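Using my numbering, read the sequence shown as starting at 23 and increasing by one per residue.
All C-beta atoms, glycine included, are put in the ideal place defined by N, C-alpha and C.
From a predicted model like this one, the values you see are computed outputs, not experimental measurements.
These notes concern the structure reproduced below.
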Amino acid sequence: MIALTSAGAIALVMGGYAAGAAQYDSVSGRSATCEQAKREFETRAGQIRRQLRRESQEGETDSRQVTVVATRAKIISVLVEQNPTCFDVGTRAAAAVIQQRSSEGQADAALCDLTGIEPENCSVAAD
């Protein structure tokens, strides 16, 4: 009887360990995915920030550059939407605004928020 109870307890503990280990593996896998998504996001957001800073210093923006910024903004918004658990609610909301083809002012504000640029330093259309 004691042996049967001990065997049951050991099976229960081992089952709990296996379930916990499997859950830990999925969490670490998700963590690695989030790390990669955030790294890609930061790289692309940095490209947008540099381009906007360069355009601000030059004082003029041509339509080709606006298209490049808009395309980059859509890419990072898709990245956020494909990895929603990796980003906070504000980042997800800004990405959604960019995806919805909002008005020029809304898209500008969302782009600024998404890339971490102060609104007074961010004035390019992302549509």
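In this structure the region 67-87 does not lie against the region 111-124, because fewer than three pairs of beta carbons, one per stretch, are closer than 8 Å. Note on geometry: alpha-carbon atoms of S99 and A54 lie some 20 Å from one another. Looking from the CA of E57, the closest CA among T107, D130 and E77 belongs to T107. In the three-state reduction of the DSSP assignment, Q122 falls in the coil class, being assigned neither a helical nor a strand state. Contact check for R86 and R66: beta-carbon distance about 18 Å, past the 8 Å limit, so the pair fails to qualify.
Separation of L136 and A92 (C-alpha to C-alpha, rounded to the nearest whole angstrom) is 12 Å.
Leaving aside the five residues that flank K60 on each side, the residues in its chain whose CB is nearer than 7 Å to its CB run, in chain order, C108. Non-local C-beta neighbours of I97 in its own chain, meaning closer than 7 Å and more than five positions away in sequence, comprise R66, ordered along the chain.
In the same chain as E103, and ignoring 5 residues on each side of it, the C-beta atoms closer than 6 Å to its own belong to A117, in chain order. About 15 Å separates the CB atoms of I120 and L74; that is not less than 8 Å, and the two are not in contact. By the CB criterion at 8 Å, E62 and L101 fall inside the cutoff. Its chain contains Q73 as the residues whose beta carbon lies nearer than 8 Å to that of V90, once the 5 sequence neighbours on both sides are disregarded; these appear in chain order.
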